[in-house]
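Heads up: the structure comes next, in structure tokens.
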Amino acid sequence: MSHEPPADETVGATAGRGQASRGTTTPKPTNWNIPNGLTALRILLVPLLGWLLLADGGNDVGFRIWAFAVFLTAILTDKIDGEIARKRNLVTEFGKLMDPIADKALTGMAFVGLSIIGELWWWVTILVLSREWGITFMRFWVIRYGVMPASRGGKIKTTLQAVALCGFILPLLQLDGALGDIGQVLWWVAVAIMAAAVAVTVITGLDYVREAITLRREGQAAADASTRQAPPSS
Numbered sequence: 000m001s002h003e004p005p006a007d008e009t010v011g012a013t014a015g016r017g018q019a020s021r022g023t024t025t026p027k028p029t030n031w032n033i034p035n036g037l038t039a040l041r042i043l044l045v046p047l048l049g050w051l052l053l054a055d056g057g058n059d060v061g062f063r064i065w066a067f068a069v070f071l072t073a074i075l076t077d078k079i080d081g082e083i084a085r086k087r088n089l090v091t092e093f094g095k096l097m098d099p100i101a102d103k104a105l106t107g108m109a110f111v112g113l114s115i116i117g118e119l120w121w122w123v124t125i126l127v128l129s130r131e132w133g134i135t136f137m138r139f140w141v142i143r144y145g146v147m148p149a150s151r152g153g154k155i156k157t158t159l160q161a162v163a164l165c166g167f168i169l170p171l172l173q174l175d176g177a178l179g180d181i182g183q184v185l186w187w188v189a190v191a192i193m194a195a196a197v198a199v200t201v202i203t204g205l206d207y208v209r210e211a212i213t214l215r216r217e218g219q220a221a222a223d224a225s226t227r228q229a230p231p232s233s
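Residue numbering for the sequence shown is 0 to 233, as defined by numbering that gives the first Met the number 0.
What follows is the structure in structure tokens.
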């Protein structure tokens, strides 16, 4: 969840009474706050998730259930920290930088770990992570010309990935008896959701590439126009 501030709100009625203070600035929030603490916690949970997921080659049902619990907890902190940061005006440069890194580290560990233990096809992991990190580097490539905000498709992609990963982390194919049949059905549901996640991942990735190229082209054109209009130095 990105630590982006909400849109500016209209000044309240007190401004008309002359009681609003003028010339004052809102204190800059400290990095020592709850949202940043949750982001740091999410980063610390990444190696724990990897250890639980890879323990006994992924064949231990207990470790897999604990891995699911850790992953779900980390996903929930991702949602909570963004909401707190926006509502309490606790958006910081640290949060804006580390929050997406924590997200990608968490999902990256899940994708790679699942492929290592043979639960997820490697081509899915490579495709998804190539897109994720490629778009991240592309954002830095065009940042001098403008910011590429997260699209609605990107948010849908993130949700689909999280739900699908939860299904794959759970030992659904290792359940016995009546639970085994339920596990089989849920596993196929997870496969379908992962297929949708991969499709949305590719589509939104191509859309981001198009947007980045357009943003860079427009930025360069504006810079060239500004240079031509600048008066010659004496």
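Here a beta-carbon is modelled for each residue, glycine too, at the ideal position from N, C-alpha and C.
Computed from a prediction, not measured in an experiment: that's the story for all the values here.
query                                                                                                                                                                                   : result
Figure out for me which residue from Ile64, Tyr144 and Leu75 has the closest Cα to the Cα of Thr157.                                                                                    : Leu75
Figure out for me which residue from Asp77, Val190 and Met193 has the closest Cα to the Cα of Leu40.                                                                                    : Asp77
In whole angstroms, what separates the C-alpha of Arg216 from that of Gly176?                                                                                                           : 60 Å
Please list the terminal residues of the continuous alpha helix (DSSP H) segment that includes Arg85.                                                                                   : Val60 to Lys86
Note down, in chain order, each residue of its chain lying with its Cβ closer than 7 Å to the Cβ of Thr107, except the 5 sequence neighbours on either side.                            : In the sequence on display, residue 107 carries Gly and not Thr. Closer than 7 Å at the Cβ level, and outside the excluded window around Gly107, lie Leu128.
What are the boundary residues of the alpha helix (DSSP H) that includes Glu131?                                                                                                        : Trp121 to Val141
Less than 9 Å between the beta carbons of Ala211 and Trp132, yes or no?                                                                                                                 : no
Give every residue of the same chain whose Cβ lies closer than 6 Å to the Cβ of Pro161, excluding the five residues on either side of it in the sequence, and list them in chain order. : Position check: residue 161 holds Ala in this sequence, whereas Pro was assumed. For Ala161, where only same-chain residues beyond five positions count, the Cβ hits under 6 Å are Ile74.
Look up Gly234 in the DSSP assignment and say whether it is helix, strand or coil.                                                                                                      : In this structure the chain extends from 0 to 233, so residue 234 is not present and cannot be described.
CA-CA distance, Gly182 and Gly36?                                                                                                                                                       : 36 Å
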